[in-house]
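K.L.:
What follows is a structure written as structure tokens; I'll ask about it next.
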Amino acid sequence: MKCKRCKAPAEVELRQHNAGFCRSCFIFYFQRQVERAIAKERMFTPDEAVLIAVSGGKDSLALWDVLVTLGYRTTGLHLSLGIGEYSDHSTAKTVAFASARDLPLIIVPLADEGLAVPEIASLTRRPACSACGTMKRHYFDQLAIDRGFPVVATGHNLDDEAARLLGNVMHWQMEHLARQRPVLEPTHERFVRKVKPLYRCSEYEAAVYAFFRGIDYIVDECPNAVGATQLVYKDMLNRLEAASPGSKLTFVQEFLNTARPALAPASAAPPQTCEGCGMPSYGALCGFCRLVRETQSRRERRRAAERA
Ligand code: AMP
Ligand code: ZN
1 MKCKRCKAPA EVELRQHNAG FCRSCFIFYF QRQVERAIAK ERMFTPDEAV LIAVSGGKDS
61 LALWDVLVTL GYRTTGLHLS LGIGEYSDHS TAKTVAFASA RDLPLIIVPL ADEGLAVPEI
121 ASLTRRPACS ACGTMKRHYF DQLAIDRGFP VVATGHNLDD EAARLLGNVM HWQMEHLARQ
181 RPVLEPTHER FVRKVKPLYR CSEYEAAVYA FFRGIDYIVD ECPNAVGATQ LVYKDMLNRL
241 EAASPGSKLT FVQEFLNTAR PALAPASAAP PQTCEGCGMP SYGALCGFCR LVRETQSRRE
301 RRRAAERA
């Protein structure tokens, strides 16, 4: 197979586009896909400083590399989640990426604040992924607001979006479906715009890009994700994709073009303001403050019981 752009021998085949690319043309193609998504969906402009949430995985590091190459002003934000060795490795990969390129990076060490995800989950008896999601949403918004970033970018890719769409459809989560978009505009003065510039790039393409660019990323999945329904959906979608290349992209893109505009807009009631932290909330306290307070009170009770 030959490269679609330059006719040199292809190094990667993209069946969904019925095309092959050599290494340098693939890098060009991938960067252009991201650039087009940013422009078409009006994610941000070159004047806006972008806060990019980086996990140390291939997607967010590939995205950071693309945004820097395209000339955007970026700052990385990494949450060190306290999930044992997995978190230590992901923090190390993120720090190494940023320092090798002299990029600004903000690190939030949750364990140092007594908020390691496994501890919160066990104290409050919540699923780890739900506690983790609450922490991520809170810190992404709070740091963006506090440091004056108008937009937060995440590395969610086509596979993530397709799996989430399938999950939302399986349960007919109409409110979630109405909010599933590559750009979310803020609904409160302390929310910022959230964007997913890789939403049309598959996980495979992001991995190839990271490899071709020599990006060192954490390969392991989070240990808490083992058995997650999301992975079952991804596996099913991969089987559909193998039988019919392009299925994932069609599923997501046609949802956005055709189905989503037909849905009622997401519920109009804007969030209130949290009495604890001043961030948006749907009640007196936001989900983050409720989680933190519950963790603290259970920790105190446990300590008192140990002393008794
Ligand atoms: P995941 O939910 O792990 O698939 O991650 C989706 C996106 O969330 C990643 O591409 C990152 O942009 C962001 N993200 C995940 N984990 C972290 C983390 N520990 N710190 C900062 N951003 C993260
Ligand atoms: Zn709060």
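So for the sequence shown, the working numbering puts the first residue at 1; every next one is plus one.
Glycine included, each C-beta is placed from N, C-alpha and C at the ideal position.
(1) Using only the alpha-carbon positions, how far apart do Leu115 and Glu300 sit?
(2) Can you find a heavy atom of the ligand AMP that lies under 6 Å from the Cβ of Glu297?
(3) Using C-beta distances below 7 Å, list every residue in its chain close to Ala162, excluding the 5 sequence neighbours before and after it, in chain order.
(4) Could you tell me the alpha carbon to alpha carbon distance between Asp309 and Glu203, rounded to whole angstroms?
(5) Give me whichever residues DSSP pairs with Pro9 in a beta bridge.
(6) How many Å lie between Ser122 and Pro223 at the Cα?
(7) Does the Cβ of Met135 lie closer than 6 Å to at least one heavy atom of the ligand ZN?
(8) List the endpoints of the continuous alpha helix (DSSP H) containing Val117.
(9) In chain order, what residues of the same chain have a beta carbon less than 8 Å from the beta carbon of Thr295, not counting five sequence neighbours either side?
(10) Compute the Euclidean distance between the alpha carbons of Arg193 and Val151, then round it to the nearest angstrom.
(11) Is it the case that the CB of Gly155 approaches a heavy atom of the ligand AMP more closely than 6 Å?
(12) Within 10 angstroms of its Cβ, does Leu315 collect 16 or more other Cβ (buried), or is it exposed?
(13) Should His171 go down as buried or exposed, given a rule of 16 or more other Cβ atoms within 10 Å for buried?
(14) Taking DSSP as the reference, what is the three-state secondary structure of Ser80?
(15) Given a threshold of 16 other Cβ atoms within 10 Å of its Cβ, counted over all protein chains shown, does Cys132 qualify as buried or as exposed?
(16) Drop a sphere of 10 angstroms on the beta-carbon of Asn18, count the other beta-carbons inside from all chains shown, and report buried for 16 or more, exposed for fewer.
(17) Could you tell me whether the region 199-218 touches the region 72-85, using the rule of 3 or more Cβ pairs below 8 Å?
(18) Cβ of Ala269 within 6 Å of any heavy atom in the ligand AMP?
(19) CB Val95 to CB Val66, shorter than 7 Å?
(20) Are the CB atoms of Cys201 and Ala165 within a distance shorter than 7 Å?
(21) In three-state terms, what does DSSP make of Val67?
(22) If you measure from the CB of Asp59, is any heavy atom of the ligand AMP nearer than 6 Å?
(23) Let's see if you can read the secondary structure: which residues bound the alpha helix (DSSP H) around Val169?
P.N.:
Taking the definition as stated:
(1) Locating residue 115 in the sequence shown gives position 115, where the first residue counts as 1. Locating residue 300 in the sequence shown gives position 300, where the first residue counts as 1. Going from the Cα of Leu115 to the Cα of Glu300 covers about 14 Å.
(2) What you label residue 297 is simply residue 297 of the sequence shown in a count that begins at 1. Reading off the sequence shown, one finds Ser at residue 297, where the question assumed Glu. No, since every heavy atom of the ligand AMP falls outside the 6 Å radius drawn around the Cβ of Ser297.
(3) Taking the sequence shown and counting its residues from 1, one reaches residue 162 at position 162. Excluding residues within five positions, the ones whose Cβ falls inside 7 Å are Leu237, Lys248, Phe251, Val252.
(4) Any question about residue 309 goes unanswered here, given that the chain covers just 1 to 308.
(5) Mapped onto the sequence shown, residue 9 falls at position 9. DSSP, once it has assigned bridges, lists Lys2 as partnering Pro9.
(6) Counting from one through the sequence shown, the residue named residue 122 turns up at place 122. Counting from one through the sequence shown, the residue named residue 223 turns up at place 223. If I take the Cα positions, the gap works out to 15 Å.
(7) If you number the sequence shown from 1, residue 135 lands on position 135. Answer for Met135: no, Cβ out of range of the ligand ZN.
(8) Walking along the sequence shown from the start, residue 117 turns up at place 117. Element bounds for Val117: 117-124.
(9) Counted from its first residue, the sequence shown places residue 295 at position 295. Gly114, Leu115, Glu119, Ile120, Leu123, Thr124, listed in sequence order.
(10) Residue mapping note: residue 193 aligns to position 193 of the sequence shown, counting from 1. Residue mapping note: residue 151 aligns to position 151 of the sequence shown, counting from 1. Roughly 5 Å between the two C-alpha positions.
(11) Start at 1 with the first residue of the sequence shown, and residue 155 comes out as number 155. For the ligand AMP, at least one heavy atom lies less than 6 Å from the Cβ of Gly155.
(12) For residue 315 there is no data in the structure shown, the boundaries of the chain being 1 and 308.
(13) Start at 1 with the first residue of the sequence shown, and residue 171 comes out as number 171. Under this definition His171 is an exposed residue.
(14) Counting from 1 along the sequence shown, the entry for residue 80 is found at position 80. Looking at Ser80 - three-state DSSP - the assignment turns out to be strand.
(15) If you number the sequence shown from 1, residue 132 lands on position 132. Label assigned to Cys132: buried.
(16) Your numbering for residue 18 matches position 18 in the sequence shown. So Asn18 ends up on the exposed side.
(17) no
(18) Within the sequence shown, numbered from 1, the residue matching residue 269 stands at position 269. Checking the Cβ of Ala269 against the ligand AMP gives no.
(19) Residue mapping note: residue 95 aligns to position 95 of the sequence shown, counting from 1. Residue mapping note: residue 66 aligns to position 66 of the sequence shown, counting from 1. In this structure, Val66 does not lie closer than 7 Å to Val95 by Cβ.
(20) The residue labelled residue 165 in the question sits at position 165 within the sequence shown. The residue labelled residue 201 in the question sits at position 201 within the sequence shown. The question names Ala, but residue 165 is Leu in the sequence shown. No. Outside cutoff.
(21) For the purposes of this step, residue 67 is identified with residue 67 of the sequence shown, where counting begins at 1. Note that residue 67 is Leu in the sequence shown here, rather than Val. In this structure, Leu67 counts as helix in the three-state DSSP scheme.
(22) The sequence position of residue 59 within the sequence shown is 59, counting from 1. Yes; taking the cut-off as 6 Å, the Cβ of Asp59 has a heavy atom of the ligand AMP nearer than that.
(23) For the purposes of this step, residue 169 is taken as residue 169 along the sequence shown, with counting starting at 1. From DSSP, the alpha helix (DSSP H) with Val169 extends over 158-170.
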